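J.:
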Amino acid sequence: MKSKEVRERIRRGEFQKNTSGACDEYVQANVVILPKEFAFDFFLYTYRNPKACPLIEVLEAGEYESRLAKGSDIRMDIPLYHVFINGKLHEKRGDIRDLYQDDYVTFLLGCSFTFESQILNNGIYLRHVDYKKNVAMYKTNMETEPAGRFSGPLVVSMRPIANEHLEKVIEITSRFPNMHGAPVHIGDPSKIGIEQIECPDYGEFVEMKDNETPVFWACGVTPQAAAVRANIPVMITHAPGHMFITDWTNDDFLYEIGEKIPSSSE
1 MKSKEVRERI RRGEFQKNTS GACDEYVQAN VVILPKEFAF DFFLYTYRNP
51 KACPLIEVLE AGEYESRLAK GSDIRMDIPL YHVFINGKLH EKRGDIRDLY
101 QDDYVTFLLG CSFTFESQIL NNGIYLRHVD YKKNVAMYKT NMETEPAGRF
151 SGPLVVSMRP IANEHLEKVI EITSRFPNMH GAPVHIGDPS KIGIEQIECP
201 DYGEFVEMKD NETPVFWACG VTPQAAAVRA NIPVMITHAP GHMFITDWTN
251 DDFLYEIGEK IPSSSE
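For the sequence shown, position 146 matches number 146 in my numbering, and the numbering has no gaps at all.
1) Are the beta-carbon atoms of Leu-108 and Phe-244 separated by less than 9 Å?
2) Would a C-beta distance cut-off of 9 Å place Lys-4 and Asp-251 closer than the cut-off?
3) Would you identify the three-state DSSP class for Tyr-131, choosing helix, strand or coil?
4) Tell me which same chain residues have a C-beta within less than 6 Å of the C-beta of Ile-33, skipping the five on either side of it?
5) Can you tell me whether DSSP reads Leu-59 as helix, strand or coil?
6) Go through its chain and collect everything with a Cβ distance to Ser-263's Cβ below 6 Å, but skip five positions before and after it.
7) On a CA-only basis, which of Gly-13, Ser-20, Lys-36 is nearest Val-234? Give me that one, please.
8) May I have the straight-line CA-CA distance separating Ser-72 from Ala-147, to the nearest angstrom?
9) With distances taken between CB atoms, is the gap from Cys-23 to Ser-112 smaller than 9 Å?
10) Considering only C-alpha positions, which residue in the set His-242, Thr-249, Gly-241, Asn-231 is nearest to Leu-89?
11) Just curious, the alpha helix (DSSP H) that Arg-9 is in, first and last residue?
12) Lys-209 by DSSP, collapsed to three states: which one?
13) How about Ile-74 and Gly-94: are their beta carbons less than 9 Å apart?
14) Compute the Euclidean distance between the alpha carbons of His-180 and Glu-145, then round it to the nearest angstrom.
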């Protein structure tokens, strides 16, 4: 399906699952919506933490149509929203039209689902996609760079990668700095504060094989951890793994314009 078709299905309540593997050729985005009075602090937070919060668009206060998706409505085009009130997850819902206010500013952040499509195009197996599971995500002991009200731990996503493909996966993902880029850690999860890899903070764990290594990337769920610590009156985000699907293709965000990543068949 085209990106617009999926957004329309989401609006009708016909698509309510995570968006991993949906519209593989289109850029998906993490979403943060908050009152204008906190927007500059959050903008500065994204600037200081580009690996976790790679900014790809900011909407004007009260605006809800993304320039990356004609006819979109950020208030109802995401399968599931998280609503934080005073630093606590208050509710989960599939539509926020009745909550949206004229002073709300929306930030769209790059998502690792983009580089997942390129990994798959190179014939490299991703178990969570094959199993139709949400990618596993973890809070780490690495702190993000604070900005104003915002600070908190770096959240990472983890994918088991066959050892023979590690170098290629690093090469592929490094070409997408607007989508979290290269891994932040490879190997022993305890070195970044993850003691039980089988128990992710968000998403779903998939088994690890003997010939695989856990690889960790900065994750767009990081702002949700920051929202808890910031304790601001209201902040609305996507639920982990339930992204906003744009009309931009993944090739539009290649690090070097016009450069293609050769597939394994080329």
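A virtual CB, placed ideally from N, CA and C, is assigned to each residue, including glycine.
Here the structure is a predicted model, which is why all the values come from computation and not from measurement.
T.: Taking the structure as given:
1) Here residue 108 corresponds to residue number 108 of the sequence shown, with the count starting at 1. Here residue 244 corresponds to residue number 244 of the sequence shown, with the count starting at 1. Between Leu-108 and Phe-244, the gap from beta carbon to beta carbon is short of 9 Å.
2) Here residue 4 refers to the residue found at position 4 when the sequence shown is read from its first residue. Here residue 251 refers to the residue found at position 251 when the sequence shown is read from its first residue. Result no, Cβ atoms of Lys-4 and Asp-251 do not sit closer than 9 Å.
3) Along the sequence shown, one-based indexing puts residue 131 at 131. Looking at Tyr-131 - three-state DSSP - the assignment turns out to be coil, as it is neither helix nor strand.
4) Your numbering for residue 33 matches position 33 in the sequence shown. Closer than 6 Å at the Cβ level, and outside the excluded window around Ile-33, lie Tyr-104, Thr-106, Ile-236.
5) Locating residue 59 in the sequence shown gives position 59, counting from the first residue. Three-state result, Leu-59: coil.
6) Taking the sequence shown and counting its residues from 1, one reaches residue 263 at position 263. The predicted position of Ser-263 is uncertain, since its pLDDT is 37 and thus under 50; no value can be drawn from it.
7) Against the sequence shown, residue 234 aligns to sequence position 234. Looking at the Cα atoms, Lys-36 is the closest of the given residues.
8) For the purposes of this step, residue 72 is taken as residue 72 along the sequence shown, with counting starting at 1. For the purposes of this step, residue 147 is taken as residue 147 along the sequence shown, with counting starting at 1. If you draw a straight line from the Cα of Ser-72 to the Cα of Ala-147, it comes to about 30 Å.
9) Locating residue 23 in the sequence shown gives position 23, where the first residue counts as 1. Locating residue 112 in the sequence shown gives position 112, where the first residue counts as 1. Taking 9 Å as the Cβ cut-off, Cys-23 and Ser-112 do not qualify as a contacting pair.
10) Here residue 89 refers to the residue found at position 89 when the sequence shown is read from its first residue. Leu-89 has its Cα closest to that of Asn-231, out of His-242, Thr-249, Gly-241, Asn-231.
11) In the sequence shown, the residue the question calls residue 9 occupies position 9. For Arg-9, the enclosing alpha helix (DSSP H) starts and ends at 3-11.
12) As a first step, residue 209 is located in the sequence shown; it is residue number 209 there, counting from the start. Reduced to three states, the DSSP call for Lys-209 is coil.
13) Your numbering for residue 74 matches position 74 in the sequence shown. Your numbering for residue 94 matches position 94 in the sequence shown. No, the Cβ-Cβ distance between Ile-74 and Gly-94 is not below 9 Å.
14) Translated into positions along the sequence shown, residue 180 becomes position 180. Translated into positions along the sequence shown, residue 145 becomes position 145. Computed Cα separation, rounded: 16 Å.
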